[in-house]
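**Student:** If you're matching them up, the sequences are chains V and Z in order. Numbered by the numbering used here, the letters in the first sequence go through residues 131 to 211 in order. Numbered by the numbering used here, the letters in the second sequence go through residues 14 to 228 in order. Ideal Cβ positions, reconstructed from N, Cα and C, are used throughout, including at glycine. Here the structure is a predicted model, which means the values were calculated and not measured. What follows is a structure written as structure tokens; I'll ask about it next.
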Amino acid sequence: MNDQKKLKKMIETYSFVLYETVLYLDTHPDCRSALRHYAKYREKLLEAMRMYEAEYGPLTMYGNTSCDSWNWVREPWPWEL
Amino acid sequence: MKHPVHILPLRLNRPQEMYMNSEESSKAMDYRKNMNTPRDMIDDDMLLRLMREAEPAAAMFGGNVRRENRRRTNAGNCGCRTAGHRDAHLSDNCRSERIDNACNRNSLSECQCDNENRERRNDHIDNRNHAYGNNRHCREDYDNGNTSCDSCVKDDRMKHFRLAMAYVPFQEWEKIYEDEAALARGTLFEALDLPWYQSACGGENGNCRKCTDNR
Chain V
131 MNDQKKLKKM
141 IETYSFVLYE
151 TVLYLDTHPD
161 CRSALRHYAK
171 YREKLLEAMR
181 MYEAEYGPLT
191 MYGNTSCDSW
201 NWVREPWPWE
211 L
Chain Z
14 MKHPVHILPL
24 RLNRPQEMYM
34 NSEESSKAMD
44 YRKNMNTPRD
54 MIDDDMLLRL
64 MREAEPAAAM
74 FGGNVRRENR
84 RRTNAGNCGC
94 RTAGHRDAHL
104 SDNCRSERID
114 NACNRNSLSE
124 CQCDNENRER
134 RNDHIDNRNH
144 AYGNNRHCRE
154 DYDNGNTSCD
164 SCVKDDRMKH
174 FRLAMAYVPF
184 QEWEKIYEDE
194 AALARGTLFE
204 ALDLPWYQSA
214 CGGENGNCRK
224 CTDNR
């Protein structure tokens, strides 16, 4: 598995954990443990996404950072990786 | 006085259907068309396991687990089984090789089988008609201005059953999987990492028993 795939797998993992935590928080909005878990993995996910987009291009159409080119349409689609 | 805890497979069938793929699920939903009930889709092994799992709860209330009598019917046919099936002994008296052609619902009266399941099957249908009749009666009563429940809820078949209370425990934040394990298990919570039950048709690990036997 190359670095790009490793990073993408990491993003998938963090996204899943975050989503599960969000589902829990929907029914337990005052659970401090869950809120801490959410904050921890939110930071991890955003950092991993930032690293990925800086190195390999946008993950979503909101991740295009270049002012010279619309890389979103030039890079492989997420499902092509 | 000890009260038996009744196991009603009919009520337990729905969660299993969640694990079925769309094709299996649509077959399962055909039970009405096949003059069958979800309860019939639970085989003996699974019923025994459900009874074993209920024993601790029954013991807490000083009761025991008792199996309700259920009719042995097969989905969409009169009780005949094709040769090679694990219950092939039931087809000893059946002159039909293909149950799908000989024993479907429309030709039940023309079925060539002489085994006892045929009688049971007719009994099964009578019960269903009885239930439909009650519903009709209930609706007519309502249309005539009688909105009481007296005519709707009386059903002799249920007179031996006790009322039940269902509850769902509130989930707690505990036993959280590590991130990679969570993704692999499909849940963040160990409490929700439930075992894979048999498919509704009785196959192991979600595999259809009929398909496995025919391989």
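Mark V147/V as exposed unless 16 or more other C-beta atoms lie within 10 angstroms of its C-beta, in which case mark it buried.
**Tutor:** buried
**Student:** Kindly say whether Y154/V, judged by its beta-carbon, lies nearer than 8 Å to any beta-carbon of chain Z.
**Tutor:** yes
**Student:** Which residue from M140/V, M191/V, T143/V puts its Cα closest to that of P206/V?
**Tutor:** M191/V
**Student:** With 16 as the cutoff for other CB atoms within 10 Å, does A71/Z come out buried or exposed?
**Tutor:** buried
**Student:** Is the shortest distance between the beta-carbon of F146/V and the beta-carbons of chain Z less than 8 Å?
**Tutor:** yes
**Student:** Taking only beta carbons into account, state which residues of the region 174-202 of chain V come closer than 9 Å to chain Z, listed in chain order.
**Tutor:** K174
**Student:** Quick test of your reading: A164/V and Y149/V, contact by CB under 8 Å. State the CB separation rounded to the nearest angstrom.
**Tutor:** That pair is no contact at about 13 Å.
**Student:** Return the CA-CA distance between R166/V and K139/V, expressed in angstroms with no decimal places.
**Tutor:** 23 Å
**Student:** By DSSP, does R118/Z sit in helix, in strand, or in coil?
**Tutor:** Since pLDDT at R118/Z reaches only 39, below the 50 mark, its modelled position is unreliable, and the value read off the structure follows with that caveat. R118/Z falls in the helix class under three-state DSSP.
**Student:** Does the beta-carbon of D133/V have 16 or more other beta-carbons within 10 angstroms, so that it is buried, or is it exposed?
**Tutor:** exposed
**Student:** What are the boundary residues of the alpha helix (DSSP H) that includes N132/V?
**Tutor:** Where N132/V is concerned, there is no enclosing alpha helix (DSSP H), given that its DSSP letter is neither H nor E.
**Student:** Return the chain-ordered ranges of every alpha helix (DSSP H) run that is complete within the region 158-188 of chain V and spans a minimum of 4 residues.
**Tutor:** Within the region 158-188 of chain V, complete alpha helix (DSSP H) segments of at least 4 residues are found at 162-186, given in chain order.
**Student:** Looking at the secondary structure, which residues open and close the alpha helix (DSSP H) in which D192/Z lies?
**Tutor:** 192-198
**Student:** Between the alpha carbons of E158/V and D198/V, how many angstroms are there, rounded?
**Tutor:** Reading the sequence as shown, one finds His at residue 158/V and not Glu. The C-alpha of H158/V lies about 45 Å from the C-alpha of D198/V.
**Student:** Quick check: what's the CA-CA separation for N77/Z versus C161/V?
**Tutor:** In this structure, the alpha-carbon of N77/Z lies about 39 Å from that of C161/V.
**Student:** Tell me I189/Z's beta-bridge partners as DSSP assigns them.
**Tutor:** F202/Z
**Student:** Cβ-heavy atom distance between D133/V and the ligand SAH below 7 Å?
**Tutor:** As for the ligand SAH, it is missing from this structure, which has no ligand bound.
**Student:** Beta-carbon separation of T143/V and D192/Z under 8 Å?
**Tutor:** Taking 8 Å as the cut-off, the beta carbon of T143/V is found closer than this to the beta carbon of D192/Z.
**Student:** In the structure shown, what three-state DSSP assignment does S178/Z receive?
**Tutor:** As written in the sequence, residue 178/Z is Met, which differs from the Ser given in the question. It is coil, neither helix nor strand.
**Student:** I'd like to know whether the C-beta of E142/V is nearer than 8 Å to at least one C-beta of chain Z.
**Tutor:** yes
**Student:** Hey, does A164/V have any beta-carbon neighbour from chain Z nearer than 8 Å?
**Tutor:** yes
**Student:** What three-state label does DSSP hand D198/V in the structure shown?
**Tutor:** coil
**Student:** Tell me, to the nearest whole angstrom, how far the beta carbon of L201/Z is from that of T195/V; I am working on the premise that it is less than 8 Å.
**Tutor:** With a Cβ gap of about 31 Å, L201/Z and T195/V do not count as contacting.
**Student:** Within 10 Å of its beta-carbon, does L176/Z have 16 or more other beta-carbons around it, so buried, or fewer, so exposed?
**Tutor:** exposed
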